[in-house]
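By the working numbering, the letter at position 151 of the sequence shown is numbered 670, and the numbering carries on one by one without gaps.
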Amino acid sequence: MNIDLSLMPVTLDVAHVGLGALSLLLIIIVVIMAMFRSSSNTNESTVEPNKEQVTPSDKVDESAIKQNLLKETTPEAALQLLMLLQQDARLIDFVHEDLAGFSDSDVGAAARVVHEGSRKVLQQVFNFEAIRSEDEESRITLVQGFNASENRLTGNVTGEAPFTGTLIHKGWRVNEVSLPQLAKEHDVYVVAPAEVEL
Numbered sequence: 520m521n522i523d524l525s526l527m528p529v530t531l532d533v534a535h536v537g538l539g540a541l542s543l544l545l546i547i548i549v550v551i552m553a554m555f556r557s558s559s560n561t562n563e564s565t566v567e568p569n570k571e572q573v574t575p576s577d578k579v580d581e582s583a584i585k586q587n588l589l590k591e592t593t594p595e596a597a598l599q600l601l602m603l604l605q606q607d608a609r610l611i612d613f614v615h616e617d618l619a620g621f622s623d624s625d626v627g628a629a630a631r632v633v634h635e636g637s638r639k640v641l642q643q644v645f646n647f648e649a650i651r652s653e654d655e656e657s658r659i660t661l662v663q664g665f666n667a668s669e670n671r672l673t674g675n676v677t678g679e680a681p682f683t684g685t686l687i688h689k690g691w692r693v694n695e696v697s698l699p700q701l702a703k704e705h706d707v708y709v710v711a712p713a714e715v716e717l
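Right, here's the structure in full:
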């Protein structure tokens with residue numbers, strides 16, 4: 520993707536800062552969901568019933584089917600990441616702040632702090648790798664059997680692979696997650712303790 524810097528706004532207004540914060544929040548949510556998928560309990564195994572033992576009169580329990588198809592997630596890693604983003608980027612404070620009374624320059628200054636802190640946290644916790652190696656805006660072909668979780672088709676999607684289209688975004692994959700270890704008694708639900716100055 521080519522970015523023409525001459526088209527970028529010189530000053531930040533509330534709408535652009537809000538969109539930037541929303542984009543950052545959505546990226547965090549996607550990364551957290553990816554973490555949950557990769558860190559689900561791999562010790563659980565699903566046992567398929569012996570086909571000889573199943574009779575037509577056996578009833579299928581829908582909740583059992585859902586349990587076998589869905590992974591259970593726990594909030595600990597997400598809360599820990601949220602705590603780090605609050606600690607280094609003041610993300611929760613920024614999102615909860617009513618920006619209507621602030622000037623664009625004040626909001627822009629706050630957004631810079633949130634951006635720099637968030638970038639620092641994401642670089643410390645995650646090892647990112649681009650999914651596609653081709654240049655953005657180049658034409659690529661997805662052959663039969665392409666990985667649909669790594670490549671999302673947009674636009675007029677009809678027929679079957681191979682698909683030829685324009686690469687809009689290279690995509691990101693997290694290769695490594697390195698959240699710091701926490702003490703067992705640490706309450707992960709406290710993402711920002713109250714601060715009392717003496």
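C-beta: ideal position from N, C-alpha, C; glycine also. Note that the structure is a prediction, hence the values are computed from the model and not measured.
Inset, instruction - Go through its chain and collect everything with a Cβ distance to Val640's Cβ below 7 Å, but skip five positions before and after it. - result: Here Val640 has Leu603, Leu604, Asp607 and Ala608 as same chain residues with Cβ atoms under 7 Å from its own Cβ, once five neighbours each way along the sequence are excluded.
Legend entry - Run of the beta strand (DSSP E) containing Ile659, from where it starts to where it stops: Under the DSSP assignment, Ile659 falls in the beta strand (DSSP E) whose first and last residues are Arg658 to Leu661.
Legend entry - Run of the alpha helix (DSSP H) containing Phe621, from where it starts to where it stops: Counting along the chain, Phe621 falls outside any alpha helix (DSSP H), and DSSP gives it neither H nor E.
Legend entry - Where the alpha helix (DSSP H) containing Glu595 begins and where it ends: First-last of the alpha helix (DSSP H) with Glu595: Glu595 to Ala608.
Legend entry - Counted within 10 angstroms of its Cβ, other Cβ atoms place Ala597 as buried (16 or more) or exposed: Per the 10 Å Cβ criterion, buried.
Legend entry - Inter-stretch contact (C-beta, 8 Å, three-pair minimum) for the region 657–671 and the region 620–633: They do not touch, by the three-pair rule.
Inset, instruction - Sort His688, Leu672 and Ile687 by Cα distance to Pro681 and report the nearest one. - result: Comparing Cα-Cα distances from Pro681 to each of His688, Leu672 and Ile687, the minimum goes to Leu672.
Inset, instruction - Mind checking which residues open and close the beta strand (DSSP E) that includes Gly678? - result: Careful: Gly678 lies outside any beta strand (DSSP E) and carries neither H nor E.
Inset, instruction - State the DSSP-derived secondary structure class of Glu694, mapped to helix, strand or coil. - result: Contrary to the premise, residue 694 reads as Asn rather than Glu in this sequence. If DSSP states are grouped into helix, strand and coil, Asn694 belongs with the strands.
Inset, instruction - Give the single residue among Glu595, Glu581, Leu588 and Val710 whose Cα lies nearest to the Cα of Lys703. - result: Checking every option, the nearest Cα to that of Lys703 belongs to Glu595.
Inset, instruction - Check whether the Cβ atoms of Glu655 and Asn694 sit closer than 8 Å, and answer yes or no. - result: No, the Cβ-Cβ distance between Glu655 and Asn694 is not below 8 Å.
Inset, instruction - On a CA-only basis, which of Ile548, Leu600 and Glu653 is nearest Tyr708? Give me that one, please. - result: Answer by Cα proximity: Leu600.
Legend entry - Distance between Ile551 and Gln643 (C-alpha atoms, nearest Å): Roughly 15 Å separates the two Cα atoms.
Legend entry - Assigned secondary structure, Glu648 (DSSP; H/G/I helix, E/B strand, else coil): Taken through DSSP and simplified to helix, strand or coil, Glu648 comes out as strand.
Inset, instruction - With a threshold of 16 other CB atoms inside 10 Å of the CB of Val626, please say whether the residue is buried or exposed. - result: Counting Cβ neighbours within 10 Å, Val626 comes out buried, since at least 16 surround it.
Legend entry - 6 Å Cβ shell around Glu669 - same chain, five flanking residues per side excluded: Same-chain partners within the cutoff: Ile650.
Legend entry - With 16 other Cβ atoms within 10 Å as the buried cut-off, status of Ala667: Burial call: exposed.
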